[in-house]
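Written below as structure tokens is the structure these notes are about.
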Amino acid sequence: MKSSNVREALRPGFWNRPLDTLTASEWEALCDGCGKCCLNKLEDADTGEIYFTRISCRLLDDHSCRCTQYENRKTFVPECVVLTPKTIDKVAYWLPSTCAYKLLHEGKPLFDWHPLISGDPESVHRADESVRGWTLPEFEVAEEDWEDHIIEDL
Numbered sequence: 000m001k002s003s004n005v006r007e008a009l010r011p012g013f014w015n016r017p018l019d020t021l022t023a024s025e026w027e028a029l030c031d032g033c034g035k036c037c038l039n040k041l042e043d044a045d046t047g048e049i050y051f052t053r054i055s056c057r058l059l060d061d062h063s064c065r066c067t068q069y070e071n072r073k074t075f076v077p078e079c080v081v082l083t084p085k086t087i088d089k090v091a092y093w094l095p096s097t098c099a100y101k102l103l104h105e106g107k108p109l110f111d112w113h114p115l116i117s118g119d120p121e122s123v124h125r126a127d128e129s130v131r132g133w134t135l136p137e138f139e140v141a142e143e144d145w146e147d148h149i150i151e152d153l
């Protein structure tokens with residue numbers, strides 16, 4: 000039996016395989032570390048359109064753009080979505096357009112700045128494709144004011 004904290008080897012070019020054939024480690028490695036999925040969103044009740052805000056989940060580390068409680072996030076944020084190959088069909092619509100999970104689900108390639116392509120986890124930040132340094136923690140902004148913090152083009 001494999002220890003849960005031992006990371007399995009990633010197959011070369013695994014991101015070109017069907018999503019439902021990826022190992023757990025490969026699935027997790029698809030994340031580019033942008034933090035955009037951890038931004039709070041607003042949905043227009045009439046149109047269903049999703050609007051991203053610069054208001055981040057209380058668990059997002061604004062510098063690393065990673066969840067500070069990833070393994071236990073559902074304990075702290077019960078509404079947090081656990082993205083899996085089985086759930087992506089239902090939740091891809093609210094993922095940012097640059098998200099590797101969404102891109103691959105739609106049959107599109109990863110961007111050159113994605114760490115799996117560039118080989119550098121900082122490339123997402125250098126390409127200005129992450130939320131590093133410009134979010135507001137959700138506990139600092141009243142929910143009724145979130146509309147004032149809508150951002151464009153994610």
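Heads up: the sequence shown is residues 0 to 153, going by numbering that gives the first Met the number 0. The beta-carbon is built from N, C-alpha and C at its ideal position, and this holds for glycine as well.
Buried versus exposed call for residue i [16 or more other C-beta atoms within 10 Å across all chains shown]
{"i": "residue 112", "result": "buried"}
{"i": "residue 3", "result": "Because residue 3 carries a pLDDT of 44, less than 50, the predicted location of this residue cannot be relied on, and the following value inherits that uncertainty. Classification of residue 3: exposed, given that the 10 Å Cβ count is below 16."}
{"i": "residue 16", "result": "exposed"}
{"i": "residue 99", "result": "buried"}
{"i": "residue 70", "result": "exposed"}
{"i": "residue 128", "result": "buried"}
{"i": "residue 97", "result": "buried"}
{"i": "residue 11", "result": "exposed"}
{"i": "residue 134", "result": "buried"}
{"i": "residue 1", "result": "At residue 1, the pLDDT of 39 sits below 50, so the modelled position is not reliable; the number obtained from the coordinates is stated separately. With fewer than 16 Cβ atoms within 10 Å of its Cβ, residue 1 is classed as exposed."}
{"i": "residue 81", "result": "exposed"}
Under 8 Å between C-beta atoms of residue i and residue j
{"i": "residue 55", "j": "residue 37", "result": "yes"}
{"i": "residue 9", "j": "residue 145", "result": "no"}
{"i": "residue 149", "j": "residue 74", "result": "no"}
{"i": "residue 142", "j": "residue 57", "result": "no"}
{"i": "residue 21", "j": "residue 104", "result": "no"}
{"i": "residue 72", "j": "residue 79", "result": "yes"}
{"i": "residue 24", "j": "residue 48", "result": "no"}
Continuous alpha helix (DSSP H) stretch holding residue i: start and end
{"i": "residue 63", "result": "Premise fails: residue 63 is in no alpha helix (DSSP H) and is neither H nor E."}
{"i": "residue 72", "result": "72 to 75"}
{"i": "residue 27", "result": "23 to 28"}
{"i": "residue 116", "result": "114 to 117"}
{"i": "residue 123", "result": "122 to 125"}
{"i": "residue 85", "result": "Run containing residue 85: none; DSSP gives neither H nor E here."}
Proximity to residue i [Cα-Cα], best of the options
{"i": "residue 114", "options": "95, 21, 33", "result": "33"}
{"i": "residue 61", "options": "90, 132, 28, 12", "result": "132"}
{"i": "residue 140", "options": "39, 125, 35", "result": "39"}
{"i": "residue 95", "options": "89, 26, 50", "result": "50"}
{"i": "residue 35", "options": "24, 66, 25", "result": "66"}
{"i": "residue 86", "options": "77, 76, 101", "result": "101"}
{"i": "residue 106", "options": "119, 122, 118, 88", "result": "88"}
Beta strand (DSSP E) segment containing residue i, residue limits
{"i": "residue 105", "result": "Segment: none, residue 105 is in no beta strand (DSSP E) and carries neither H nor E."}
{"i": "residue 53", "result": "49 to 55"}
{"i": "residue 38", "result": "38 to 42"}
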